[in-house]
Amino acid sequence: MKLPESYHNKTTYFGVFLALISLTIFFLLLILSLLTNFGGAYSGLFTYMISPLFIILGLALIPIGMHFKRKRKIQSGETDEIWPVWNLNKPQHRNAFLIFSIGSIVFLTLSIIGSFQAYHYSESNEFCGLMCHQVMAPEYISYSNSAHARVACVECHVGEGADWFVKAKISGLYQVYAYTLNIYPRPIQTPIENLRPAQETCARCHWPEKFYSDALKKFKHYLADENNTEWSIDMNLKVGSDHSAKGLENGIHWHINPNIAIDYVHTDRIRESIPWVRKINKETGDTTIFEFADEMPDAAEFSKLKSRRMDCMDCHNRPSHQYNLPQNFVDNAIISGKIASDLPQFKATAMALLNAKFETTIQAMDSIKSGITSFYETNYTDLYSTRKADIDNAILAVQNGYKINIFPEMKASWDAYVNHLGHKSYKGCFRCHDGQHTSKEGKTISNDCTLCHVILAQGSKDNKAFAQFGQGLEFQHPVDIDGMEKEGRCYDCHRNLYQ
Ligand code: HEC
Ligand code: HEC
Ligand code: HEC
Ligand code: HEC
Ligand code: HEC
Ligand code: HEC
Numbered sequence: 019m020k021l022p023e024s025y026h027n028k029t030t031y032f033g034v035f036l037a038l039i040s041l042t043i044f045f046l047l048l049i050l051s052l053l054t055n056f057g058g059a060y061s062g063l064f065t066y067m068i069s070p071l072f073i074i075l076g077l078a079l080i081p082i083g084m085h086f087k088r089k090r091k092i093q094s095g096e097t098d099e100i101w102p103v104w105n106l107n108k109p110q111h112r113n114a115f116l117i118f119s120i121g122s123i124v125f126l127t128l129s130i131i132g133s134f135q136a137y138h139y140s141e142s143n144e145f146c147g148l149m150c151h152q153v154m155a156p157e158y159i160s161y162s163n164s165a166h167a168r169v170a171c172v173e174c175h176v177g178e179g180a181d182w183f184v185k186a187k188i189s190g191l192y193q194v195y196a197y198t199l200n201i202y203p204r205p206i207q208t209p210i211e212n213l214r215p216a217q218e219t220c221a222r223c224h225w226p227e228k229f230y231s232d233a234l235k236k237f238k239h240y241l242a243d244e245n246n247t248e249w250s251i252d253m254n255l256k257v258g259s260d261h262s263a264k265g266l267e268n269g270i271h272w273h274i275n276p277n278i279a280i281d282y283v284h285t286d287r288i289r290e291s292i293p294w295v296r297k298i299n300k301e302t303g304d305t306t307i308f309e310f311a312d313e314m315p316d317a318a319e320f321s322k323l324k325s326r327r328m329d330c331m332d333c334h335n336r337p338s339h340q341y342n343l344p345q346n347f348v349d350n351a352i353i354s355g356k357i358a359s360d361l362p363q364f365k366a367t368a369m370a371l372l373n374a375k376f377e378t379t380i381q382a383m384d385s386i387k388s389g390i391t392s393f394y395e396t397n398y399t400d401l402y403s404t405r406k407a408d409i410d411n412a413i414l415a416v417q418n419g420y421k422i423n424i425f426p427e428m429k430a431s432w433d434a435y436v437n438h439l440g441h442k443s444y445k446g447c448f449r450c451h452d453g454q455h456t457s458k459e460g461k462t463i464s465n466d467c468t469l470c471h472v473i474l475a476q477g478s479k480d481n482k483a484f485a486q487f488g489q490g491l492e493f494q495h496p497v498d499i500d501g502m503e504k505e506g507r508c509y510d511c512h513r514n515l516y517q
């Protein structure tokens with residue numbers, strides 16, 4: 019086929035070659051991915067992002083090569099026509115025109131399909147969670163083990179609407195850059211600045227006014243003593259009101275009552291230090307300001323701080339990325355039977371080992387295995403040989419717990435990511451409910467132990483106390499700590515209990 023003279027140059031040849039090869043690869047990958055689930059997380063990246071990039075590059079090289087060929091001709095005096103002349107009577111020009119028109123139509127159609135696929139792919143969990151393996155491993159793994167494992171990342175992190183889509187893609191570009199240059203923070207920072215408000219993400223699935231009744235919660239723990247003593251606490255958690263007809267009148271979800279607004283000011287990044295809280299009753303217009311005098315910054319500094327309106331995320335800040343403390347995941351493994359509860363001193367041994375800071379997961383795996391093995395070999399030699407299988411299973415369970423909750427390479431763990439729900443291992447509710455946030459009128463945000471829950475039963479297996487009908491029990495701390503539990507600051511000890 020005859021083509022214009024300017025077509026014949028190395029750059030244009032290379033462009034054609036590149037475009038054709040990439041196009042072939044694109045089709046091959048497309049067919050493969052439609053017929054099989056070939057390639058896993060990366061196939062989408064190659065099919066919809068990398069190969070189209072090379073097709074476009076190849077296509078762009080064609081006119082570039084032709085342009086320089088003409089320029090050379092003008093410089094050498096072969097022609098003095100600055101602009102290319104189209105003459106459809108010449109077969110070369112007709113052919114070029116035909117190829118260009120048909121090519122453009124095919125390319126445009128493919129681009130529409132391609133960008134649609136690329137868009138879908140960039141919104142998929144595999145792209146968000148698996149692309150930069152190590153970086154997103156903590157978030158992806160914790161997400162996969164959460165109540166929201168079937169909710170796409172983008173439903174919470176992007177939501178609906180073009181403006182947030184564009185914002186997400188722009189910040190995504192920065193993330194790719196940070197990843198490539200290896201300048202991203204470890205751990206990834208939390209909370210996310212400018213996270214989309216809960217009303218536009220969570221509230222699409224969870225109707226905020228929906229009534230949730232009180233919940234019966236059963237907590238079970240194993241003490242770090244000789245027999246791993248089982249200690250359980252059953253409580254009625256007052257999530258909603260005592261009667262559904264009262265709606266959000268009171269109870270824990272009272273904070274999201276649409277007639278109420280709670281604003282607060284925090285002096286640290288992770289929103290744990292809250293010296294100032296304002297309650298607004300939207301119906302009556304009454305406002306009450308509660309201040310924690312000891313932590314109030316001076317007026318000049320205070321005026322610089324922005325206030326935040328409380329929403330779901332101020333309690334449920336870990337709905338899908340929860341990093342459990344070692345004591346919690348080991349307790350869970352005992353409850354589920356993966357660890358035999360009658361291995362003497364098991365909890366204590368595991369806690370002592372998990373307390374160390376490891377540089378890599380492999381190091382942690384080795385240390386857990388050798389630590390537990392040598393403990394039983396040395397201290398319980400007979401038991402070590404008779405119950406080898408139980409000990410091996412227990413080692414596996416601790417290792418698995420570690421792998422899904424602690425990520426030393428990314429420095430992601432319970433220590434880096436606070437959980438605001440509760441008050442035992444983190445400040446949580448006690449950020450405001452510490453009995454020290456007082457208003458001018460002398461009102462205090464309550465820290466009464468029965469404000470949020472009523473204990474129905476507590477104690478060890480053989481020595482359990484039950485509340486009488488309609489009443490609650492006073493909390494009994496499992497080990498004697500001189501009544502310090504009454505002051506409420508559980509997190510002071512429990513955040514680093516075994517250190
Ligand atoms: C149910 C909603 C939800 C889903 C689904 C979800 N996330 Fe999150 N994610 C959150 C919330 C809430 C935060 C904490 C935000 C804050 O405190 O500012 C968060 C935080 C993060 C962070 C910042 C680090 C941190 O832990 O605070 C990253 C990174 C992240 N998510 C990635 C992902 C990825 C990747 C997926 C999908 C595999 C995903 N998320 C799915 C709600 C969600
Ligand atoms: C796409 C829908 C969807 C979105 C968006 C969503 N959730 Fe959920 N959420 C669910 C479903 C479905 C369940 C029930 C899962 C189950 O019971 O296994 C659930 C369960 C929960 C639970 C109970 C958790 C548990 O462990 O039982 C909480 C708390 C929660 N969501 C909070 C949130 C918060 C906070 C957000 C916003 C960051 C959010 N959800 C966004 C669908 C969603
Ligand atoms: C940002 C501050 C803040 C945080 C954090 C907070 N609260 Fe509150 N809470 C308040 C304020 C303010 C009131 C109203 C106090 C008053 O009017 O006396 C309140 C009232 C309550 C009430 C009583 C509601 C009623 O009238 O029946 C309950 C129950 C409650 N909170 C539970 C919790 C729980 C559980 C958590 C943690 C998961 C929590 N709160 C976290 C500020 C907070
Ligand atoms: C003041 C803190 C607080 C706020 C604000 C809050 N929650 Fe909750 N929520 C709780 C607590 C505490 C529980 C009980 C947790 C448990 O069972 O361990 C709970 C339970 C839930 C559950 C599970 C209910 C069940 O019966 O299983 C869902 C779903 C939920 N919340 C959604 C939301 C949504 C959506 C928002 C925002 C519109 C929200 N919450 C705001 C503290 C809060
Ligand atoms: C502002 C509300 C609030 C107040 C006040 C409060 N708690 Fe709690 N408490 C909670 C919530 C919410 C949880 C459940 C956390 C969860 O679901 O993991 C909880 C859980 C507990 C648990 C079970 C923890 C576990 O892991 O076994 C105990 C025990 C407890 N509280 C004792 C107390 C005592 C003692 C006081 C008084 C000093 C108190 N609480 C005051 C909200 C409160
Ligand atoms: C002075 C430090 C201290 C304070 C304050 C404290 N605890 Fe403890 N707590 C301990 C110790 C030590 C143990 C024993 C741990 C073991 O043997 O494994 C323990 C064990 C527990 C256990 C059973 C084991 C476990 O891992 O959960 C519960 C439940 C508990 N504490 C709840 C609370 C609550 C709720 C508060 C606050 C009202 C509180 N503690 C305040 C030190 C403290």
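Heads up: take any position in the sequence shown, counting from 1, add 18, and you land on my numbering.
A virtual CB, placed ideally from N, CA and C, is assigned to each residue, including glycine.
Q: Using three-state DSSP, classify residue 208 as helix, strand or coil.
A: Locating residue 208 in the sequence shown gives position 190, counting from the first residue. If DSSP states are grouped into helix, strand and coil, residue 208 belongs with coil.
Q) Thinking C-alpha only, which one of 73, 374, 372, 111 is nearest residue 129? A) What you label residue 129 is simply residue 111 of the sequence shown in a count that begins at 1. Looking at the Cα atoms, 73 is the closest of the given residues.
Q: Please report the residue range of the alpha helix (DSSP H) in which residue 181 lies.
A: Residue 181 sits at position 163 when you count from the first residue of the sequence shown. Unbroken alpha helix (DSSP H) run through residue 181: 180-198.
Q: Indicate whether residue 77 and residue 37 have their beta-carbon atoms separated by less than 8 Å.
A: Working through the sequence shown from its first residue, we reach residue 77 at position 59. Working through the sequence shown from its first residue, we reach residue 37 at position 19. A contact, by the Cβ cut-off of 8 Å.
**Q.** Cutoff 6 Å; reference residue 250; Cβ partners in own chain excluding five residues on either side
**A.** Numbered from 1 along the sequence shown, position 232 holds the residue referred to as residue 250. Here the set comprises 238.
Q) Start and end of the alpha helix (DSSP H) containing residue 395? A) On the sequence shown, position 377 is the one that residue 395 refers to. Where residue 395 is concerned, the enclosing alpha helix (DSSP H) stretches over 379-397.
**Q.** Complete runs of the alpha helix (DSSP H) confined to the stretch 127-180 [at least 4 residues]
**A.** 143-148, 151-162, 171-175
Q: Please determine, among 27, 281, 478, 216, the residue with the shortest C-alpha to C-alpha distance to residue 246.
A: For the purposes of this step, residue 246 is identified with residue 228 of the sequence shown, where counting begins at 1. Considering only alpha carbons, the answer is 478.
Q | Pick from 297, 175, 61 that is closest to residue 457, judged by C-alpha positions | A | Within the sequence shown, residue 457 is the residue found at index 439, counting from 1. The shortest Cα separation from residue 457 among 297, 175, 61 belongs to 297.
**Q.** Local Cβ density within 10 Å of residue 98, reported as buried at 16 or more and exposed below that
**A.** Here residue 98 refers to the residue found at position 80 when the sequence shown is read from its first residue. Exposed: under 16 other Cβ atoms inside 10 Å.
Q. Hey, is residue 269 close to ligand 3, as in C-beta under 7 Å from one of its heavy atoms?
A. Here residue 269 refers to the residue found at position 251 when the sequence shown is read from its first residue. Yes, Cβ of residue 269 sits closer than 7 Å to a heavy atom of ligand 3.
Q. Looking at C-alpha atoms only, which residue of 167, 208, 200, 220 is the closest neighbour of residue 176?
A. One-based indexing of the sequence shown puts residue 176 at position 158. Ranking 167, 208, 200, 220 by Cα distance to residue 176 puts 220 first.
Q: Identify whether residue 8 lies in helix, strand or coil by the three-state DSSP scheme.
A: What the structure shows of the chain is the stretch from 19 to 517, and residue 8 is not part of that stretch, so it cannot be assessed.
**Q.** Those runs of the beta strand (DSSP E) which lie wholly inside the stretch 220-269 and span at least 3 residues
**A.** 233-240, 248-255
Q) Straight-line CA distance for residue 386 to residue 377? A) As a position in the sequence shown, residue 386 is number 368, starting the count at 1. As a position in the sequence shown, residue 377 is number 359, starting the count at 1. Computed Cα separation, rounded: 14 Å.
Q.
Looking at ligand 2, does it come within less than 7 Å of residue 330, judged from the CB to the closest heavy atom?
A. On the sequence shown, residue 330 is found 312 positions in, with the first residue counted as 1. Yes, the Cβ of residue 330 comes within 7 Å of a heavy atom of ligand 2.
Q: Check whether the stretch 83-101 touches the stretch 20-31, counting contact only when three or more Cβ pairs, one atom from each stretch, lie closer than 8 Å.
A: yes
**Q.** Secondary structure of residue 317, DSSP reduced to three states
**A.** For the purposes of this step, residue 317 is taken as residue 299 along the sequence shown, with counting starting at 1. It is helical.
Q: Answer yes or no: the CB of residue 278 versus the heavy atoms of ligand 4, is any distance below 7 Å?
A: Counting from one through the sequence shown, the residue named residue 278 turns up at place 260. No, since every heavy atom of ligand 4 falls outside the 7 Å radius drawn around the Cβ of residue 278.
Q. Assuming residue 242 contacts residue 366 under a Cβ cut-off of 8 Å, what Cβ separation, rounded to an integer in Å, is found between them?
A. As a working mapping, residue 242 is identified with position 224 in the sequence shown. As a working mapping, residue 366 is identified with position 348 in the sequence shown. Going by Cβ atoms, the distance from residue 242 to residue 366 rounds to 4 Å, so yes, they are a contact pair.
Q: Taking residue 474 and residue 254 to be in contact with their CB atoms under 8 Å, please state how far apart those CB atoms are, rounded to whole angstroms.
A: Here residue 474 refers to the residue found at position 456 when the sequence shown is read from its first residue. Here residue 254 refers to the residue found at position 236 when the sequence shown is read from its first residue. 6 Å between Cβ atoms; contact.
Q: Classify residue 497 as buried or exposed, calling it buried when 16 or more other Cβ atoms lie within 10 Å of its own Cβ.
A: Reading the sequence shown from its first residue, position 479 is the one you call residue 497. Residue 497 should be labelled exposed.
Q. Residue 338 bridges to which residues according to DSSP?
A. Numbered from 1 along the sequence shown, position 320 holds the residue referred to as residue 338. Beta-bridge pairing links residue 338 to no other residue.
Q) Do residue 351 and residue 407 have their CB atoms nearer than 8 Å? A) Within the sequence shown, the letter at position 333 stands for residue 351. Within the sequence shown, the letter at position 389 stands for residue 407. For residue 351 and residue 407, no; Cβs fall outside 8 Å.
Q) Do you know whose CA, among 491, 315, 256, 252, lies nearest residue 271's CA? A) Walking along the sequence shown from the start, residue 271 turns up at place 253. When each option's Cα is compared against that of residue 271, the closest is 256.
**Q.** Collapsed DSSP secondary structure at residue 449 in the structure displayed
**A.** One-based indexing of the sequence shown puts residue 449 at position 431. It is helical.
Q) Can you find a heavy atom of ligand 3 that lies under 7 Å from the Cβ of residue 295? A) Locating residue 295 in the sequence shown gives position 277, where the first residue counts as 1. Yes, ligand 3 has a heavy atom inside 7 Å of this Cβ.
Q. Using the C-alpha atoms, what's the distance from residue 342 back to residue 228?
A. As a first step, residue 228 must be located in the sequence shown, where it is residue number 210. As a first step, residue 342 must be located in the sequence shown, where it is residue number 324. Each residue's Cα considered, the two are about 28 Å apart.
(Q) My parser needs the alpha helix (DSSP H) runs of 4 or more residues fully inside the stretch 37-112; what are they? (A) 59-63, 69-93
**Q.** Integer-rounded CB distance, given that residue 451 should sit under 8 Å from residue 509
**A.** For this step, residue 509 is matched to residue 491 along the sequence shown. For this step, residue 451 is matched to residue 433 along the sequence shown. Not confirmed; about 12 Å, so no contact.
Q: Could you tell me how far apart the beta carbons of residue 8 and residue 113 are, in whole angstroms, since I believe they sit closer than 8 Å?
A: Residue numbering for the chain in the displayed model covers 19 to 517; residue 8 lies beyond these limits and cannot be assessed.
**Q.** First and last residue of the uninterrupted beta strand (DSSP E) at residue 308
**A.** Start at 1 with the first residue of the sequence shown, and residue 308 comes out as number 290. 305-309 is the extent of the beta strand (DSSP E) around residue 308.
Q) Just checking, does the stretch 327-342 make contact with the stretch 428-441 on the three C-beta pairs under 8 Å criterion? A) yes
Q: Measure the Cβ-Cβ separation of residue 153 and residue 202 and say whether it is below 8 Å.
A: As a working mapping, residue 153 is identified with position 135 in the sequence shown. As a working mapping, residue 202 is identified with position 184 in the sequence shown. The answer is yes: Cβ separation under 8 Å.
Q: Figure out for me which residue from 346, 486, 504 has the closest Cα to the Cα of residue 432.
A: Locating residue 432 in the sequence shown gives position 414, counting from the first residue. Of the candidates 346, 486, 504, the one whose C-alpha sits nearest the C-alpha of residue 432 is 346.
Q. Can you tell me whether residue 264 is buried or exposed, with buried defined as 16 or more other CB within 10 angstroms of its CB?
A. On the sequence shown, residue 264 is found 246 positions in, with the first residue counted as 1. When all chains shown are included, residue 264 counts as exposed.
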